[in-house]
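Trainee:
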Amino acid sequence: DAGVIQSPRHEVTEMGQEVTLRCKPISGHNSLFWYRQTMMRGLELLIYFNNNVPIDDSGMPEDRFSAKMPNASFSTLKIQPSEPRDSAVYFCASSFRGQGSTEAFFGQGTRLTVV
Amino acid sequence: GNSVTQMEGPVTLSEEAFLTINCTYTATGYPSLFWYVQYPGEGLQLLLKATKADDKGSNKGFEATYRKETTSFHLEKGSVQVSDSAVYFCALHAGGTSYGKLTFGQGTILTVHP
Chain S
47 DAGVIQSPRH EVTEMGQEVT LRCKPISGHN SLFWYRQTMM RGLELLIYFN NNVPIDDSGM
107 PEDRFSAKMP NASFSTLKIQ PSEPRDSAVY FCASSFRGQG STEAFFGQGT RLTVV
Chain X
30 GNSVTQMEGP VTLSEEAFLT INCTYTATGY PSLFWYVQYP GEGLQLLLKA TKADDKGSNK
90 GFEATYRKET TSFHLEKGSV QVSDSAVYFC ALHAGGTSYG KLTFGQGTIL TVHP
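So, in structure tokens, the structure goes:
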């Protein structure tokens with residue numbers, strides 16, 4: 047398996063523009079997580095899904111952020127409109143919820159810069 | 030709620046020095062515990078894990094023992110290398126209906142000099 051695939055790897059956009067980050071989880075995994083990482087706040091969980099259903103979005107910072115998972119192999123995180131303080135590395139992770147421990151597998155991240 | 034506390038960083042060591050990064054946790058029930066490593070420019074990778082009390086996880090010379098009595102999962106390595114320079118995250122999975130959600134510590138930056 048190729049692992050969790052995120053695109054794009056880097057995104058530079060102007061303030062006010064819409065940004066869409068994409069994630070393809072590992073095949074067979076049933077949980078998907080979106081994280082944001084900054085120097086100031088560390089690693090923050092934004093939202094997670096189980097079997098394509100959002101379970102907890104309490105980490106989403108504002109209504110400007112939204113996430114969808116239309117099927118088991120694809121998820122998006124959208125920021126509209128983007129602001130400079132959204133600049134961060136965004137990680138997607140997936141795991142299989144089953145017997146035993148459930149370690150998460152991370153993608154390589156999308157580095158977002160809003161200017 | 031669940032939480033993970035790691036020792037303050039950054040940690041700077043010379044090559045072949047002994048490494049300890051402290052991690053303590055608060056959780057209900059019987060969590061599984063993990064150490065993840067993040068190399069520059071990359072995502073987090075699982076380094077080792079332990080699923081029950083007194084289990085020892087090990088990988089690449091790193092070890093950590095699940096101590097329920099002290100609610101700790103300290104990471105150790107006997108002789109670090111320059112290539113171990115990275116950010117290390119301690120994490121727990123609470124089990125039950127947490128759907129695989131991990132609770133992470135704040136991360137500890139490790140720099141190893143030749």
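Those sequence lines, one after another, are chains S and X.
Heads up: take any position in the first sequence, counting from 1, add 46, and you land on my numbering.
Heads up: take any position in the second sequence, counting from 1, add 29, and you land on my numbering.
Think of the CB as a built atom: it goes at the ideal place given N, C-alpha and C, for glycine as much as any other residue.
#1: State yes or no: is the beta carbon of E57 (chain S) nearer than 8 Å to at least one beta carbon in chain X?
#2: Could you say which of X:S61, X:F133 and X:G124 lies nearest to D84 (chain X) if we only look at CA atoms?
#3: Kindly indicate which three-state DSSP category P100 (chain S) falls into: helix, strand or coil?
#4: Between the Cα of S119 (chain S) and those of S:S77, S:V65 and S:E64, spot the shortest distance and give me the residue it belongs to.
#5: Return yes when the Cβ of K114 (chain S) is within less than 8 Å of the Cβ of S104 (chain S), no when it is not.
#6: Three or more beta-carbon pairs under 8 Å between the region 96 to 114 of chain X and the region 49 to 59 of chain X, yes or no?
#7: Who are the neighbours of F133 (chain X) on chain S, taking C-beta pairs under 7 Å?
#8: What three-state label does DSSP hand S87 (chain X) in the structure shown?
#9: Roughly how many whole angstroms lie between the Cα atoms of S32 (chain X) and F118 (chain X)?
#10: To the nearest angstrom, report how far apart E92 (chain X) and S133 (chain S) are at their CA atoms.
#11: Candidates S:V50, S:N97, S:S112 and S:R82: which alpha carbon is nearest Q126 (chain S)'s?
#12: Straight-line CA distance for Y94 (chain S) to V161 (chain S)?
#13: Does the Cβ of S119 (chain S) lie closer than 7 Å to at least one heavy atom of the ligand PLP?
#14: So, G72 (chain X) versus G153 (chain S), is the Cβ gap smaller than 8 Å?
#15: Return the CA-CA distance between A150 (chain S) and F142 (chain S), expressed in angstroms with no decimal places.
#16: Along the chain, where does the beta strand (DSSP E) containing R82 (chain S) start, and where does it finish?
#17: Could you tell me the alpha carbon to alpha carbon distance between S43 (chain X) and V109 (chain X), rounded to whole angstroms?
#18: Quick one: is Q83 (chain S) buried, meaning 16 or more other Cβ sit within 10 Å of its Cβ, or exposed?
Mentor: This is what the structure gives:
#1: To locate residue 57 (chain S), count along the first sequence from 1; it is residue 11. Not an interface residue.
#2: Working through the second sequence from its first residue, we reach residue 84 (chain X) at position 55. A check of alpha carbon separations from D84 (chain X) across X:S61, X:F133 and X:G124 identifies X:S61 as the nearest.
#3: Mapped onto the first sequence, residue 100 (chain S) falls at position 54. In the structure shown, P100 (chain S) falls within a strand segment according to DSSP collapsed to helix, strand and coil.
#4: If you number the first sequence from 1, residue 119 (chain S) lands on position 73. Of the listed residues, the one whose Cα sits closest to S119 (chain S) is S:S77.
#5: In the first sequence, counting from the first residue as 1, residue 104 (chain S) sits at position 58. In the first sequence, counting from the first residue as 1, residue 114 (chain S) sits at position 68. The criterion of a C-beta distance shorter than 8 Å is not satisfied by S104 (chain S) and K114 (chain S).
#6: Contact holds: three or more Cβ-Cβ distances are below 8 Å.
#7: Residue numbering aside, residue 133 (chain X) sits at position 104 when the second sequence is read from its first letter. What F133 (chain X) touches in chain S: L89.
#8: Within the second sequence, the letter at position 58 stands for residue 87 (chain X). Looking at S87 (chain X) - three-state DSSP - the assignment turns out to be strand.
#9: The residue labelled residue 32 (chain X) in the question sits at position 3 within the second sequence. The residue labelled residue 118 (chain X) in the question sits at position 89 within the second sequence. Using only the alpha carbons, I get a separation of about 13 Å.
#10: Locating residue 92 (chain X) in the second sequence gives position 63, where the first residue counts as 1. Locating residue 133 (chain S) in the first sequence gives position 87, where the first residue counts as 1. In this structure, the straight-line span from the alpha carbon of E92 (chain X) to that of S133 (chain S) is close to 35 Å.
#11: Position 80 of the first sequence, counted from the start, is the residue given in the question as residue 126 (chain S). Check the Cα spacing between Q126 (chain S) and each of S:V50, S:N97, S:S112 and S:R82: the tightest is with S:S112.
#12: Your numbering for residue 94 (chain S) matches position 48 in the first sequence. Your numbering for residue 161 (chain S) matches position 115 in the first sequence. Distance between the alpha carbons of Y94 (chain S) and V161 (chain S) is about 28 Å.
#13: With respect to the ligand PLP, the structure shown offers nothing to examine, as it has no ligands at all.
#14: Translated into the one-based positions of the second sequence, residue 72 (chain X) becomes position 43. Translated into the one-based positions of the first sequence, residue 153 (chain S) becomes position 107. Yes. Within cutoff.
#15: Within the first sequence, numbered from 1, the residue matching residue 150 (chain S) stands at position 104. Within the first sequence, numbered from 1, the residue matching residue 142 (chain S) stands at position 96. Taking the straight line from one Cα to the other gives about 8 Å.
#16: In the first sequence, counting from the first residue as 1, residue 82 (chain S) sits at position 36. R82 (chain S) -> beta strand (DSSP E) spans S77 to T84.
#17: For the purposes of this step, residue 43 (chain X) is taken as the residue at position 14 of the second sequence. For the purposes of this step, residue 109 (chain X) is taken as the residue at position 80 of the second sequence. Rounded to whole angstroms, the gap between the alpha carbons of S43 (chain X) and V109 (chain X) is 8 Å.
#18: Within the first sequence, numbered from 1, the residue matching residue 83 (chain S) stands at position 37. Buried: at least 16 other Cβ atoms inside 10 Å.
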